[in-house]
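So the first sequence is numbered by the working numbering: it starts at 939 and just counts up by one.
A quick write-up on the structure given underneath.
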Amino acid sequence: ARKGRPRLLSRENFIELCHRLTAEDEKTFKALWQRAALSVDWSLEYATIDDHCRRTAQLSFLDLFRKEHVYNSSSPTMWDVDFQTAVAQAEVDDRELTGAYHRIEFGVEDSDESLVVATTRPELLAACVGVTAHPDDARYRGLFGRNAVTPLFRAPVPIFPSELADPDKGTGILMVCTFGDATDVLWWREQRLALRQLVQRNGRLGDVTFGSEGWESLDPDAANRFYAELAGKNVKQAQKRVVELLRGPDGSATGSGPPLQGEPEPMEHTVKFYEKGPRPLEFVPTRQWFVRLMDKKEPLLAKGAEVKWHPEFMHVRYRDWTEGLQLDWCVSRQRHFGVPIPVWYPLDDAGEPDFARPIPAGAEQLPVDPMAVPAPGYEETQRGKPGGFIGEADVFDTWFTSSMTPQIGSHWADDPERHAGLFPADVRPQGPEIIRTWAFYTIAKALLHEDSIPWKNALISGWVLDPDRKKMSKSLGNVQTPLPYIERFGADACRYWSGSARLGVDTAFDEKVLKVGKRLVTKLFNAGKFVLAQESEVQPITAELDLAFVAELRALVERTTAAFEDFNFALALQETETFFWSRFTDSYLELAKTRARGDGADAAAQGSAVATLRLALDVLLRLFAPTLPYISEEIWSWRFAEERGEPSIHRAPWPGAADFGGIAEPANAASLERAVAAVQAIHKAKADAQVSAGREVESLVLAGDAALLEEIKPVLGDVLAATRVHTHQLREAGDLEEGVFGVEDARFAERTDRS
RNA sequence: AGGCACGUAGCUCAGUGGCUAGAGCGCCGCCUUGACACGGCGGAGGUCGGCGGUUCAAUCCCGCCCGUGCCUACCA
939 ARKGRPRLLS RENFIELCHR LTAEDEKTFK ALWQRAALSV DWSLEYATID DHCRRTAQLS
999 FLDLFRKEHV YNSSSPTMWD VDFQTAVAQA EVDDRELTGA YHRIEFGVED SDESLVVATT
1059 RPELLAACVG VTAHPDDARY RGLFGRNAVT PLFRAPVPIF PSELADPDKG TGILMVCTFG
1119 DATDVLWWRE QRLALRQLVQ RNGRLGDVTF GSEGWESLDP DAANRFYAEL AGKNVKQAQK
1179 RVVELLRGPD GSATGSGPPL QGEPEPMEHT VKFYEKGPRP LEFVPTRQWF VRLMDKKEPL
1239 LAKGAEVKWH PEFMHVRYRD WTEGLQLDWC VSRQRHFGVP IPVWYPLDDA GEPDFARPIP
1299 AGAEQLPVDP MAVPAPGYEE TQRGKPGGFI GEADVFDTWF TSSMTPQIGS HWADDPERHA
1359 GLFPADVRPQ GPEIIRTWAF YTIAKALLHE DSIPWKNALI SGWVLDPDRK KMSKSLGNVQ
1419 TPLPYIERFG ADACRYWSGS ARLGVDTAFD EKVLKVGKRL VTKLFNAGKF VLAQESEVQP
1479 ITAELDLAFV AELRALVERT TAAFEDFNFA LALQETETFF WSRFTDSYLE LAKTRARGDG
1539 ADAAAQGSAV ATLRLALDVL LRLFAPTLPY ISEEIWSWRF AEERGEPSIH RAPWPGAADF
1599 GGIAEPANAA SLERAVAAVQ AIHKAKADAQ VSAGREVESL VLAGDAALLE EIKPVLGDVL
1659 AATRVHTHQL REAGDLEEGV FGVEDARFAE RTDRS
């Protein structure tokens, strides 16, 4: 509606354009999500504007209507003058603005007394309907019950006491207007003050006539003369002009000079804005539909406590928001594109709508547009005619539909059996900034419809911050989209990065993490290539080194599974990654590779190593699969897909006891650790001698304490093979650190060129 | 102003009432290794924001303070 341009479009054309645009956006998003390998069942795809969702949202309304949880009323509502629609509390943003206290002298009726109010909104002076101060404020106690007289417009308005007035703010006495802010609305209701609505829906001051009913003035001619200068102006323009008028002596309510006392005094204050709006919200009386929530804080809090929040402290945000609710949920929006509110209103003989007797749609006719279809029991020809009907033109707040996400998925509206099986849902993943909207309204709907929670777990992510730790936003121009990174690093690397972020913790975007992810993918590729290149026959796993490694692998599966079950996918990834890198590729694989190739090993020992390598790859791939779907699927396809008769790793069973059946425990759980320590000592000896780790060793002496030497024996063959030691001796030494080997008298072979 | 979270190596982040506080990146040195140089080995680098307290023992628990982010309130 801004700048008036879209108004050239008809409602129908506008809606048509919206459909076209959303279809394009959907395509883009779907392509991105598929590229990012989101494991979505695309057969269940929906759009919140499609028939199924419109039916669900409208059915939700009808259910709430039947249960009397919704009502329509004409009352001051937060209104965005640019978007020209009502907004809900949850869509409001506070912004710091510089304003100014304007001190304005009022008269007191039938006396020569005066008072000075302080206001930041002098342009609403014509809408002043009262004056109030704190009951204990000695300065003003004598004025309560009498009338003040406004300058310029000479309107007599009641002076009343209110606890809400702060004696320390401004002058301690203030004018009540219809409507400057939420407190004005409160006073207007409590004191049953007059309604002098000045600001119109378009944000401009309307036409009013002082001296007419509701616009009383002691001097209507003067009032109208002044007001003529303001009518039609927007709020900002009107403020400028009214201040000029107040600087003149003519408008004084006391005859003692200009009403404006001194110069306006700049101050900082917070003002409510629609989250997308450029100008402050106004309170404008309009007819709106509301969902009654203010009387349901207790059950809302109870349902919130039933949900398991991850991380737990996010529950506090829900609680704080719910406890702080101040208004029922305004669900009607004055927009073209959206889900229509499925009601009509009967017209009386004079053609006036009876809003107190709305006609709801029948459940069987959903989805329905009351602007296109006649009310039940009426003919289309009766639309707009006396004795006929009109259709509701408003649409729902988008959250009214989005709050039904679990029910949309479970087909609450048309498949009770499916709904019973899928509701409440297991998990809601979402961002922290929409706890007060998406999460809150979804919980509210589940409560109102079925006295249920909508989902058992709420997973609240953190934010991705830009590299300077600032929140990404359009206005800062620091927003990143995933596609360029998917192209540069691959989808798996991007998923590695997002999968590393802890729930509820903000993470600065860092390309380094993508590089690490890409490196992991490459390493997996190479490790997979090596493991599956070992073609010799698989034998039972019996070698001590292999058994010790398998025992560690089994423990890893348990830790990773537990982490996933706790929704701690970052820990699951970290556990698997660390194990893969340090225990598998750096340790076990290096130790077992010679034996697996068959160099000097018997068939049983070789087969044991090959079996272990295959098992490790098989299990690790499946542990990685949720985070790195592409590379794990690729490697899986090389051999396991056919072997297992399961083409996709993503449908293979999760690793568990079945993978470890019949494999014995190692004689010594620390066997792998001992072997690693021995290799490390020999590598260090080579590094000290500045020869490559691959250099053959003619002979060396491996030193260690007696227990250590005993423990190394079962895996010594693998150690010597991995380090290419030809002959060795063991020597008992007491002067080494615990668990550490020493290498003595190493004689390295001459370097030989490999052919 | 209140609430919640965070503050750990140059950077991005793990972590625990007790072994010498960790990883990756970056940095320095060595190794052109046979799945992988997008690799391997070795190394330097930290008063765990500050000050108090509880404890035999605190980076971790408690209090206060400083800084950062978010939420809520203030909106004359």
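Backbone N, C-alpha and C define an ideal beta-carbon position, used for all residues, glycine too.
Keep in mind it's a predicted model, so treat the numbers as computed, not measured.
- The region 1355-1390 contains, as complete beta strand (DSSP E) runs of 3+ residues, the segments 1363-1368 (chain order).
- Using a Cβ-Cβ distance cut-off of 8 Å, the region 1304-1318 and the region 988-996 are in contact, since at least three pairs of beta carbons, one from each stretch, lie closer than that value.
- Its Cα nearest to that of G1632, the residue V1617 stands out among L1646, V1617, D1643 and A1641.
- Rounded to whole angstroms, D1074 and E1101 show a C-alpha spacing of 9 Å.
- Here A1160 has R1092 as same chain residues with Cβ atoms under 7 Å from its own Cβ, once five neighbours each way along the sequence are excluded.
- Taking a cut-off of 8 Å on C-beta distances, the region 998-1014 touches the region 1282-1299, as three or more cross pairs fall below it.
- The alpha-carbon separation between G1655 and L1566 amounts to approximately 35 Å.
- In the three-state reduction of the DSSP assignment, L1494 falls in the helix class, which pools H, G and I.
- Residue pairing of Y1009 in beta bridges, as defined by DSSP: F1228.
- Where G1045 is concerned, the enclosing beta strand (DSSP E) starts and stops at V1030 to V1046.
- Under the three-state reduction of DSSP output, R1612 falls in the helix class.
- 8 Å or more divides the Cβ of P1652 from the Cβ of E1528.
- About 6 Å separates the beta carbons of V1488 and I1479, which is inside the 8 Å limit, making them a contact pair.
- Residue state for T1088 is assigned as coil, using DSSP reduced to three classes.
- If you draw a straight line from the Cα of V1209 to the Cα of R1142, it comes to about 18 Å.
- Listed in chain order, the beta strand (DSSP E) runs fully inside the region 1563-1650 are 1635-1642, counting runs of at least 3 residues.
- Residue pairing from DSSP places D1018 in a beta bridge opposite T1023.
- One alpha carbon belongs to A1608, the other to D1484, and they sit about 12 Å apart.
- In this structure, DSSP gives M1205 an extended state, which the three-state scheme calls strand.
- The Cβ-Cβ distance between Q1129 and F1164 does not fall below 8 Å.
- With respect to F1686, V1635 sits close: the two C-beta atoms are nearer than 8 Å.
- Within its own chain, the residues whose Cβ lies closer than 7 Å to the Cβ of V978, once the five positions on either side in sequence are excluded, are W971, listed in chain order.
- With respect to the 8 Å criterion, W1017 and L1219 are classified as neighbours on the basis of their beta carbons.
- Between R1612 and I1587, the C-beta gap is not smaller than 8 Å, which leaves the two residues out of contact.
- The region 1189-1203 and the region 1041-1057 touch, with three or more beta-carbon pairs separated by less than 8 Å.
- DSSP places E1051 outside both helix and strand once states are collapsed to three, so it counts as coil.
- Residue H1274 holds the alpha-carbon nearest to the alpha-carbon of A1331 among I1381, H1274 and Q1368.
- If you draw a straight line from the Cα of E1648 to the Cα of G1400, it comes to about 51 Å.
- Here DSSP, grouped into helix, strand and coil, assigns M1342 to coil.
- In the DSSP assignment, the residues bridged to A1056 are R1041.
- For K1171, no beta strand (DSSP E) run applies, since DSSP gives it neither H nor E.
- Along the length of the region 1459-1529, whole alpha helix (DSSP H) runs at least 4 residues long occupy 1482-1503 and 1507-1516, reported in chain order.
- Secondary structure at D1406: coil, using DSSP grouped into helix, strand and coil.
- In the DSSP annotation of this structure, the continuous segment of the beta strand (DSSP E) that includes L1397 starts and ends at W1393 to I1398.
- Nearest neighbour of E1688 by Cα position, chosen from G1144, L1646, Q1175 and V1629, turns out to be V1629.
- Inclusion of A1132 and V1055 in the CB contact set at 8 Å is not warranted, their separation being larger than that value.
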